[in-house]
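Sequential numbering of the sequence shown, starting at 4, is according to this note's numbering.
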Amino acid sequence: MSSTSSAASSTAFPTTPYKPRYDKWPYNASDFQRQDENDDGIFYRQPRLVTHIDDAAIARLTSYYDTVLPTKGKILDMCTSWKSFYSASTKIAVQKGDVEVFGVGLNAEEMALNGLFQGEKRWRVMDLNKPPHDPRAGWSKEDLKFDALRLFCTFSFSVAEIDALSK
């Protein structure tokens, strides 16, 4: 994202090239079984207006997003909720129409509170643990291509990570 990333933040976030630890996928299906196999929609039926992390972590995450999220284009906010912790510069880019944020989550009330989506047309209630595991399926009549994907905290509950991210 070199040409579209914000450079407003002076905080350095060093990167390390990824080097796979294993030559082949080391996991099997049982590694992804959950203790509670009930439908996720049951748990998320009620809004859960929580932040999951403390204020210092929120500030650091917001600063990080300011350095890596595009200032133009489309962002997919997966497993989203009522807050996304985007920086002021990203919020301004959304208001100006330079950035469009699309959200996929499990609770409509939570996503309706997230102003980044600018209304219901840009968010969908979808359980990515169920087929088709494709977050773009919520906008099947549009040929959406995203410039960035934001995923925070809740992906650890997924049992279809590979499917959801490979779409």
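Backbone N, C-alpha and C define an ideal beta-carbon position, used for all residues, glycine too.
Residue j and residue i - do their beta-carbons sit closer together than 8 Å?
{"i": "A151", "j": "P73", "result": "yes"}
{"i": "C82", "j": "G108", "result": "yes"}
{"i": "I78", "j": "R153", "result": "yes"}
In angstroms with no decimal places, state the Cα-to-Cα distance between residue i and residue j.
{"i": "T65", "j": "P17", "result": "16 Å"}
{"i": "E103", "j": "S143", "result": "17 Å"}
{"i": "G122", "j": "A115", "result": "7 Å"}
{"i": "G44", "j": "N110", "result": "8 Å"}
{"i": "D80", "j": "G106", "result": "5 Å"}
{"i": "W126", "j": "E145", "result": "13 Å"}
{"i": "Y21", "j": "D69", "result": "22 Å"}
{"i": "T19", "j": "Y47", "result": "35 Å"}
{"i": "I95", "j": "N117", "result": "14 Å"}
{"i": "V53", "j": "A60", "result": "14 Å"}
{"i": "R3", "j": "D57", "result": "Residue numbering for the chain in the displayed model covers 4 to 170; residue 3 lies beyond these limits and cannot be assessed."}
{"i": "A10", "j": "E40", "result": "Confidence at A10 is low in this model, with a pLDDT of 45, below 50, so the placement of that residue should be treated as unreliable; the coordinate-derived value is given next. Between A10 and E40, the C-alpha separation is close to 43 Å."}
{"i": "S90", "j": "K75", "result": "14 Å"}
{"i": "F88", "j": "A32", "result": "33 Å"}
{"i": "D42", "j": "D130", "result": "9 Å"}
{"i": "R63", "j": "L147", "result": "30 Å"}
{"i": "Q98", "j": "K86", "result": "16 Å"}
{"i": "P29", "j": "K133", "result": "23 Å"}
{"i": "F35", "j": "S92", "result": "37 Å"}
{"i": "Q49", "j": "P135", "result": "24 Å"}
{"i": "V128", "j": "S84", "result": "10 Å"}
{"i": "R37", "j": "Y67", "result": "31 Å"}
{"i": "G141", "j": "F149", "result": "14 Å"}
Which word fits residue i, buried or exposed, when buried means at least 16 other C-beta atoms lie within 10 angstroms of its C-beta?
{"i": "C156", "result": "exposed"}
{"i": "P138", "result": "buried"}
{"i": "H55", "result": "exposed"}
{"i": "E113", "result": "buried"}
{"i": "F120", "result": "buried"}
Quickly, what does DSSP pair residue i with across the bridge? List them, please.
{"i": "P20", "result": "The partner list for P20 (beta bridge, DSSP) is empty, contrary to what the question assumes."}
{"i": "A140", "result": "Per DSSP, none; premise fails for A140."}
{"i": "F105", "result": "L79"}
{"i": "L72", "result": "BP columns for L72 are empty, so no partner."}
{"i": "W126", "result": "G106"}
{"i": "A151", "result": "I78"}
Would residue i pass as an interface residue toward chain B - the criterion being a Cβ-Cβ separation below 8 Å?
{"i": "T65", "result": "The chain inventory of the structure shown lacks chain B, comprising one protein chain alone."}
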